[in-house]
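The sequence shown lines up with residues -16 to -1, 1 to 215 when you count with mature numbering (1 follows the signal peptide of the UniProt record, and there is no 0). Virtual Cβ for every residue (Gly too), placed ideally from N, Cα, C. Notes to accompany the following structure.
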Amino acid sequence: MTLSLLGLMRPALCRSLVALVPMVRSPQLVVISRVQLLLPNIFHQNMVPPAASCVRFYATKKSKAKAAKGQASKVNINSSLVEDIISLEEVKEDMAAVLTTLKDDFSRNLSIRTSPGALDHIVVGAATRSLRESSMKLNPEVDGTIIRVAIPKVTREHRENLAKLAKQFSNKAKESLRKVRSNAITQVKKAKDTVSEDTIRLVEKQIGQMADSFAADVDKQLTTKTKELLG
């Protein structure tokens, strides 16, 4: 009778043991591969997935191009190696002179605050005429050896006009930079019969980088001056 009872209980015991097996198994890291996701019918329903499946995702051309954007290679040529083609130091000096001229224009013609330095460049013999013709719109009065200058109140309109003038000065500076760049590249192209095309392109790129760098400095000067003028 005992054996008969065990025989009747055997199916229930087997089902209980089957239910307990997943609970006692050690935890595993299961990563379903892309192939299993795409082709689920290939794998048997009862097949146990591997403990760890490594899936490698390769970058697409679009993602590579996106990553490369903004990482354009820069050229840094030793000026002594191309001095037979062009003097990069002289080109740099010419571009630096443009920036210096811009700073001088800002200092002399676009000053809100009155200071002795704003009038230092005016020759005494032509002081009254220079003051009248300056962008400061002053009306000097001569009293013997004394020149009296009434400083008008700075209005918002005047500030905005000075800011527009600053923009004009910066545009003029950028145009001068483009001329320096164009003249330099023209000189480089004259050496195409004696040097390789790759060398020509590298030197042109170096000159372009220099011009872009000084143009960025011009923008910085304009931003600072505009903020100063508009308050």
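Between the stretch 69 to 84 and the stretch 151 to 164 there are three or more C-beta pairs closer than 8 angstroms, enough to call the two in contact. The alpha-carbon of residue 111 is positioned some 29 angstroms away from that of residue 155. For residue 168 and residue 188, the gap between their C-alpha atoms comes out near 8 angstroms.
Straight through space, the alpha carbons of residue 159 and residue 182 are spaced by roughly 28 angstroms. With respect to the 7 angstroms criterion, residue 150 and residue 186 are not classified as neighbours on the basis of their beta carbons. Remark: C-beta atoms of residue 143 and residue 213 approach each other more closely than 7 angstroms.
The bridge partners DSSP lists for residue 125 are 132.
Annotation for residue 182: the continuous alpha helix (DSSP H) segment containing it runs 181 to 214. For residue 139, the secondary structure class from DSSP, reduced to helix, strand or coil, is coil. A straight line joining the alpha-carbon of residue 72 with that of residue 174 spans about 15 angstroms.
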